[in-house]
Every structure is written in structure tokens, then in C-alpha cells.
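Novice: Here you go, one structure.
Numbering (our numbering), first residue to last: 392 to 538.
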């Protein structure tokens with residue numbers, strides 16, 4: 392199974408092209424879909440040399456159950472921060488205001504027009520006893536909040 396990222400120039404984006412997440416690249420197509428389907432955006436920003444980006448990709452974005460939750464409730468957008476530093480800067484500043492810290496992977500939940508309302512960095516796929524909310528639980532809480 393391949394998603395829209397298979398056609399992208401960015402190596403980082405193509406690394407996510409076989410995941411079960413229905414990724415969009417950053418652009419008008421994603422925003423139009425979010426508005427048409429009345430779904431929030433889930434913008435995930437990273438880069439090829441980012442260790443935690445690869446960890447989260449393997450643990451969560453490769454998981455069919457988690458991908459199904461993401462696809463059902465969000466328009467998922469993958470961004471290469473090296474290709475789009477402008478997008479990275481805007482959302483990094485937003486997450487730093489929300490969480491008082493930032494980093495990568497940068498995962499930002501946005502209204503269909505792109506305005507962020509929550510975000511963070513790495514989230515584990517399950518409760519590891521470290522106080523971090525598991526990614527599937529966060530995805531569902533944000534989806535319920537948006538409704």
C-alpha cells in the first residue's frame with residue numbers, strides 16, 4: 392500500500408510513503424480535504440536524520456490500528472522541515488507557546504484552515520509509565536474535543 396507521499400521529491404516524505412497513514416504533503420490539497428470533510432489537520436514535521444522521528448514512525452505511523460484512528464479523524468499532513476523551514480518555524484513557535492518546549496518529531500493538531508490548537512513532540516504508542524500520554528489516546532481525545 393502506498394500513499395500520496397510516493398510522488399514527493401523529499402527523501403524524508405518518501406520514507407513515509409508505504410505507511411498505512413493516508414498522508415498528504417503540505418499544500419492546498421490537504422487544506423481543501425480538511426474543509427470538505429470537516430476534519431482537523433494533524434501536521435507531523437520531521438527530517439531524515441531525526442532519531443525520534445523514526446522511532447515514532449515505526450511505533451505509531453506503521454501500526455495499522457493507530458493509522459486507522461488517524462485516518463478516520465484527521466487529515467494527516469507530513470512535512471519535511473528541511474524542505475519547508477517556514478512551516479516548521481510557524482508550528483514550532485506555536486508548540487513552544489503551548490507546551491513550553493519543542494523538538495522533533497513535531498506533531499500539531501490544527502483547525503482545517505491550519506491554525507494550531509494543540510501540539511507536542513514524540514508520543515509513545517502505549518503507556519510506558521513515564522507520564523506521557525499514549526499517541527492513540529491523544530488522537531482520540533483531540534478528535535472528541537474537535538467534535
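Just so it is clear, CB atoms sit at the ideal spot from N, CA and C, and this is done for glycine as well.
From a predicted model like this one, the values you see are computed outputs, not experimental measurements.
1) Judging by CA-CA distance, which residue of 418, 430, 474 is the nearest neighbour of residue 438?
2) Measuring alpha carbon to alpha carbon, tell me which of 456, 507, 462 ends up nearest residue 480.
3) Can you give the Cα-Cα distance for residue 502 and residue 431, rounded to whole angstroms?
4) What whole-angstrom Cβ distance do residue 403 and residue 471 have, given they're in contact under 8 Å?
5) Are residue 495 and residue 436 close, meaning C-beta to C-beta below 8 Å?
6) In whole angstroms, give me the CA-to-CA distance for residue 406 and residue 452.
7) Quick one: what does DSSP say residue 435 is sitting in, helix, strand or coil?
8) Just to confirm before moving on: does the CB-CB distance between residue 489 and residue 522 stay below 8 Å?
9) Assign residue 500 to one of two classes, buried (16 or more other C-beta atoms within 10 Å of its C-beta) or exposed (fewer than that).
10) Helix, strand or coil, according to DSSP, for residue 502 in the structure here?
11) Only counting the same chain, and skipping five residues up and downstream in sequence, which positions put a Cβ closer than 7 Å to that of residue 399?
12) Thinking C-beta only, is residue 529 closer than 8 Å to residue 469?
Specialist: Reading off the structure:
1) 474
2) 507
3) 5 Å
4) 4 Å
5) yes
6) 11 Å
7) strand
8) no
9) buried
10) coil
11) 405, 416
12) no
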